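When the count follows the working numbering, it moves up by one through the sequence shown with no breaks and lands on 547 for the last residue.
Ideal Cβ positions, reconstructed from N, Cα and C, are used throughout, including at glycine.
What you are looking at is a predicted structure, and each value in this text was computed from that prediction instead of being measured.
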Amino acid sequence: MIAIENLSKRFAQQVLFEKISFKVNPGERVGIVGKNGHGKSTLFRLIVGLEQPDEGRVIIPKNYRLGYLEQEPDFKSSTVLEEASRGLHNPEKDQLWRVEKVLLGLGFTFEDFDKRPGELSGGYQVRLSLARLLIGDYDMLLLDEPNNYLDITSIRWLEKFLLGWRGELMIITHDRRFMDRVATHILGLHRQKVRKIEGNTEKYYNQIALEEEVYEKTRLNDERKRKEMEIFINRFRAKARLAGLVQSRLKYLEKMEKREKLEKIKNMEFSFQEKPFHHKYALSLDGVSFAYTAEKPLIKNFSLHIGARDRVMVIGPNGRGKTTLLKLMSGVLQPQSGEVSRPKSVAIGYYEQSYAEEMNNENNVLEELAAANPQLEPARIRQIAGALMFEGDEALKPVKILSGGEKS
């Protein structure tokens with residue numbers, strides 16, 4: 140188990156959490172929830188020692204091993220299989236089948252085993268780091284968005300693996316279904332404090348909502364009592380026969396706790412602006428083929444017509460061309476045969492999975508938004524930043540210190 144005692148962490152004027160304390164007990168699998176930028180990933184980095192707290196301490200038992208999933212892997216081996224095998228505590232005694240089982244479960248093929256880790260896509264590099272971690276001999280796993288780059292099959296495999304994990308687990312994920320199935324406890328970062336409960340995310344959020352509703356009713360009731368007492372005191376202060384009552388109310392007011400009104404926690408609010416559209420089809424693909432290498436066609440003679448107001452979900456195992464298909468549709472890639480067509484009035488907005496990697500880390504939020512569309516007026520950029528929960532000085536934060544969720 141580990142213990143957190145009176146931990147505080149701030150970045151400039153932003154307080155992430157203040158004097159928080161909790162324990163992770165033997166066998167617990169703890170899901171971490173909280174708004175983007177509220178310190179979930181920072182908490183992990185504090186626990187493993189990659190960052191230092193402003194106050195408080197992290198207590199880890201002697202010889203207790205922490206396994207942490209890093210989003211920027213550092214590979215030291217020449218093949219995927221060798222790199223995953225680095226997770227083995229004692230390679231001479233452990234069998235290779237265990238490494239292969241985890242790699243296959245996370246979506247690798249036998250052909251991938253001899254590839255160099257550097258040849259893999261960013262998503263598969265994260266998978267390789269996850270595989271090495273799951274193979275390792277750790278007492279606690281700290282997994283930050285482990286299912287970000289996994290397909291449905293791999294997510295189900297990981298879920299089954301974690302349910303059978305005998306050590307402790309702390310996990311951050313925006314997939315509430317996945318978290319509810321895996322976690323035994325929920326720990327929430329909320330209003331610079333933490334709350335840990337046994338149960339799922341629904342129970343946690345319901346409990347927080349109920350407590351804040353009770354708090355607000357109590358605050359309003361206290362304010363009403365306070366005003367009534369102040370009126371009584373001001374009215375009868377000069378009357379000698381009521382001096383005792385006045386004094387008792389003054390003393391009561393002095394002892395009465397002042398409850399501050401809870402600050403409203405903002406949610407992201409924005410909508411996509413639609414251009415007028417008067418065509419039957421928005422996009423058509425006719426006999427489209429594409430391959431990155433001639434020996435292995437990825438998309439072959441594919442046709443699709445997307446009608447007005449259609450909403451299309453693209454699903455399939457990783458490496459089968461889902462992202463490539465979107466790039467062909469958006470014009471980022473051109474087909475090697477066939478045709479992608481759309482009416483001239485159709486404008487396509489394309490959001491890439493790796494967009495955060497292309498940001499200028501030296502820009503602040505406003506500068507990065509302005510770079511995306513130099514035609515926008517500063518006031519409009521401020522408005523967009525506010526809708527994305529970057530208000531006031533928050534919009535001046537450098538991109539390099541944003542959390543993964545804030546960058547997205």
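Nearest-angstrom Cβ-Cβ length linking residue i and residue j, presumed shorter than 8 Å
i	j	result
Lys394	Arg358	Not really, about 16 Å apart at Cβ, beyond 8 Å.
Asp290	Asn457	5 Å
Leu281	Tyr343	Actually they are not in contact, since the Cβ atoms of Leu281 and Tyr343 sit about 19 Å apart, beyond 8 Å.
Val265	Phe247	At roughly 12 Å, the Cβ-Cβ gap does not stay under 8 Å, so Val265 and Phe247 are not in contact.
Thr292	Met318	Between Met318 and Thr292 the Cβ distance is about 19 Å, and since that is not below 8 Å, they are no contact.
Leu467	Phe529	The Cβ separation is near 33 Å, so there is no contact.
Ile540	Phe150	6 Å
Leu242	Met279	Rounded, the Cβ-Cβ distance is 22 Å, inconsistent with contact.
Leu535	Leu505	7 Å
Val197	Leu189	11 Å between Cβ atoms; not a contact.
Gly178	Leu328	5 Å
Ile325	Ile310	Incorrect: roughly 10 Å between the Cβ atoms, too far for contact.
Ser542	Asn175	6 Å
Phe161	Val333	6 Å
Leu146	Pro192	5 Å
N-terminal and C-terminal residue of the alpha helix (DSSP H) that residue i is part of
i	result
Asp319	315-321
Ile520	517-526
Lys390	382-394
Arg450	Here Arg450 belongs to no alpha helix (DSSP H), and DSSP marks it neither H nor E.
Leu182	179-187
DSSP beta-bridge partners of residue i
i	result
Pro537	Asn503
Tyr303	The sequence shown places Gly at residue 303, rather than the Tyr named in the question. Paired residue(s): none; Gly303 is not in a bridge.
Leu328	Val333
Ser147	Glu194
Ile141	Val163
Thr432	Lys435
Ile445	Leu422
DSSP state of residue i mapped onto helix, strand, coil
i	result
Tyr354	helix
Asn512	coil
Thr463	helix
Gly477	strand
Thr340	helix
Asn440	strand
Ile310	strand
Ile372	helix
Gln492	coil
Lys364	helix
Ile347	helix
Arg398	coil
Ser547	coil
Met498	coil
Ser484	coil
Ala103	With the chain represented from 140 up to 547, any question about residue 103 goes unanswered, as that position is not in the structure.
Ala377	coil
Gly458	coil
Gly470	coil
Gly531	helix
Host beta strand (DSSP E) of residue i (start-end)
i	result
Arg168	168-172
Ala421	420-429
Ser542	Ser542 -> no beta strand (DSSP E), and no H or E assigned at all.
Gln153	153-163
Could you tell me which whole beta strand (DSSP E) segments of length 3 or greater appear in the segment 190-264?
194-198, 205-207
Which runs of the beta strand (DSSP E) fall wholly inside the segment 274-299 and span at least 3 residues, in chain order?
279-283
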